[in-house]
Every structure is written in structure tokens, then in C-alpha cells.
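Novice: Questions regarding the structure given below will be posed in turn.
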Amino acid sequence: MILQTHADTQMPLRVAAITDVAEGIRSFELVQPDGSELPPFTAGSHVKVQTPNGLLRKYSLCNDPAERHRYVIAVKRDDGGQGGSLSMHDEVQLGQTLPTSVPDNAFPLVENARSYVFIAGGIGITPVLSMIRSFGELPPASWKLYYLTRSPETTAFLEELKEPALKRNVVIHHDLGDPERAYDLWPVLEKPNAGHVYCCGPKGLMESVRDMSGHWSRSNIHFESFNEGGGVKADDKPFQVKLAKSGREFQVPVGKSILSVLREHGCDAASSCESGTCGTCRTALLEGEADHRDMVLYPEEMESQIMICVSRAKGERLVIDL
Ligand code: FES
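Sequential numbering from 52 applies to the sequence shown in our numbering.
In C-alpha cells:
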């Protein structure tokens, strides 16, 4: 089968190492086939990878940005997903090439912060690990990581995070799949300060961090999601989106975002994370009621704004200011 290369995965990288880093989590080391340096990246960056079965997936880079010879990603196997992670786990072989994008960063580390709090749920550790690794032996500020996982067996990079140099800054908590055992983050977020909070993990974790941090300065709380396009819900329905400036109107089917439909029709719209966390695709909503699926908008903004990379319509039609 010949697969088309997506427009933004123009860099074929060779798989130089495959390592199981936890139960159901596999890391892949990607290098230039000719051994040359890779384009630089900053902590918190991600790349898009075309999986062997032709899907396009976004993965955070988890290695130290000082490394120029490799990108390291970690992929969690999701048996209930759309097949991208299964293809990575079951089909990728050592030595094969994977079409990959240049790195982009929708979750950048603020320089000169007074302190950093990292909250990682499960595979959400990957961008955070790159941030911590970028600190080296002389962190620019105090930092603390709260790493929340199901069990020791499913906890990636556990040994590294238990090393003496990191251990005092790392809290690792396993809930054993029991919501009653969820880690209480309220003592961490109760008193706002001038530090920055970075959260990456399942939507439920990010929503609870957002709810608990409403009294913080908005610019000090940062989210990263792997839920590209907002995911699909069982009761999703197609809807119409009308562009007020041109009068053009398109149908947005189930499983596609407004942003991807606009792109298919040649309409230009700015984006970065494409998972509802960075705010780049914020668009004024002129008519209709949105089904908001982002982590950016606050309640008072939801009637008049929409993140077109993830959010959908509650009714049959939206009119947006594009
Ligand atoms: Fe980041 Fe939409 S592109 S919120």
C-alpha cells in the first residue's frame, strides 16, 4: 500500500530505537537517515508523525532540547482509539522511516518564571519531562512535579524520576484506578503566586486543574492536550458553519473539526496546538450556540468566542467571524 505523505510531515526520520518504558507505553527514537542534526526544538514542543497506517498523530518530544541528534517520543497504546497508537506499537520496526513534521511548540516554558509547578497525568509526562531535562543540573527556578498515574507498572520514566537529583522535586501518586484515591491538588493550587503551572494529561485532570486555578492569573496556567480535533463523542452530529466575511458555508461532519473543514476548502486560519489549549485559533462567534471543548475560554467568553480546532455546534449552524 502506498500512503500519501501529509503536507506537514515532510521529514522522513529513521527509527533508531524502540523501548518499552512502561506497561503499554513505548518510546521511539527518531533520527535523520544520514545522521545529520535535526531542526532544533524547545521544551514542550511536539512533532506530527504519520503512523504506518496513514494517520497523522501529534507527539510531544520528551528528550532534552539540547540534543540535536534525535527526537524521542513516547506513545501510549490505546485499544479503544482510532488506530494511530496501535499502528505505532504493532507496525513500527527498527530502521524504518516515519514521515515527521518539524517541531512546533504550543506549550512553551516561560523563561525567568519565579517557580514552576508541573502536573502530569499518565502519558502527559512527555512534554514535562523535556522541560525538566532542559533544566539540567542548574534549574532556573524552583520546581515541583506532581505525576499522577494509575500504578507503578504504567508509570513511564519512573526510575529516572526517582533518581536522587530529581526525587526531592517529584511527587508520584498512583490512584490504582480508584477515583476515591485521586490526588488532592487543592493544597498545591489554593494559594496563587507568581509562579507558572503546567498541566498535561487526561481532560478530566486538566478540567479539575482549571477549576481549581480560577483565582490564579490566567497567563500563569498552561495546558497541553493530546486530544487533537477535540475527539469524537457518541452523540456528535454534523452541523453547518458559515463564514460571515465571505458568506461561504460548509458542513462539518462527525470526526472533523471546523478548522480541518476550512483547510480542506482552502480557507486560511491560524492554529498551533489544534487540541484546544493554546488559544491561537480563537474566533468570534456571531450566531449559534457552541459546544465548547477547549481549555482556553472562560465562561464569560463562551457566548461570543469559539476555538475552531476542537469545538462544535450544539445546534445545526454556527456563524463565525472569518
Ligand atoms: Fe490551539 Fe486551537 S489551535 S486552541
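For glycine and all other residues, C-beta sits at the position ideal for the given N, C-alpha and C. Here the structure is a predicted model, which means the values were calculated and not measured.
Can you tell me whether residue 148 is buried or exposed, with buried defined as 16 or more other CB within 10 angstroms of its CB?
Specialist: It is exposed - the Cβ of residue 148 has fewer than 16 other Cβ atoms within 10 Å.
Novice: Would you identify the three-state DSSP class for residue 155, choosing helix, strand or coil?
Specialist: In the structure shown, residue 155 sits in a strand (DSSP, three-state: E or B).
Novice: Based on the DSSP secondary-structure assignment, which residues constitute the bridge partners of residue 125?
Specialist: 78, per the DSSP bridge assignment.
Novice: Tell me, which residues are paired with residue 249 by DSSP?
Specialist: Bridge partners of residue 249: 169, 273.
Novice: Between 328, 287, 348, which has its C-alpha nearest residue 335's C-alpha?
Specialist: Taking only the C-alpha atoms, the option nearest residue 335 is 348.
Novice: For residue 52, count the other beta carbons within 10 Å of its own beta carbon; 16 or more makes it buried, fewer makes it exposed. Which is it?
Specialist: Bear in mind that the predicted position of residue 52 carries a pLDDT of just 38, short of 50, making it too unreliable to give a figure here.
Novice: Using DSSP bridges, identify the partner residues of residue 28.
Specialist: Outside the displayed span of the chain (52 to 373) sits residue 28, for which this structure offers no information.
Novice: Using the DSSP secondary-structure output, state which residues sit across from residue 64 in a beta bridge.
Specialist: BP columns for residue 64 point to 149.
Novice: Am I right that residue 261 and residue 346 are in contact with their C-beta atoms under 8 Å? What's the rounded C-beta distance?
Specialist: Between residue 346 and residue 261 the Cβ distance is about 6 Å, and since that is below 8 Å, they are a contact.
Novice: I need the DSSP call for residue 201, collapsed to helix, strand or coil.
Specialist: If DSSP states are grouped into helix, strand and coil, residue 201 belongs with coil.
Novice: For the region 269 to 282 against the region 215 to 232, are there 3 or more C-beta pairs whose distance is under 8 Å?
Specialist: At 8 Å Cβ cutoff, the stretches do not touch.
Novice: Who are the near neighbours of residue 106 in its chain, counting only those whose CB is closer than 6 Å to its CB and skipping five residues on each side?
Specialist: Within the same chain, residue 106 has close Cβ partners 135.
Novice: So, helix, strand or coil for residue 111, using DSSP?
Specialist: Reduced to three states, the DSSP call for residue 111 is strand.
Novice: Using CA atoms only, rank isn't needed, just tell me which of 83, 338, 243, 84 is closest to residue 291.
Specialist: Of the listed residues, the one whose Cα sits closest to residue 291 is 338.
Novice: Relative to the C-alpha of residue 155, which candidate in 247, 98, 214 has its C-alpha closest?
Specialist: Among 247, 98, 214, the Cα nearest to that of residue 155 is on 98.
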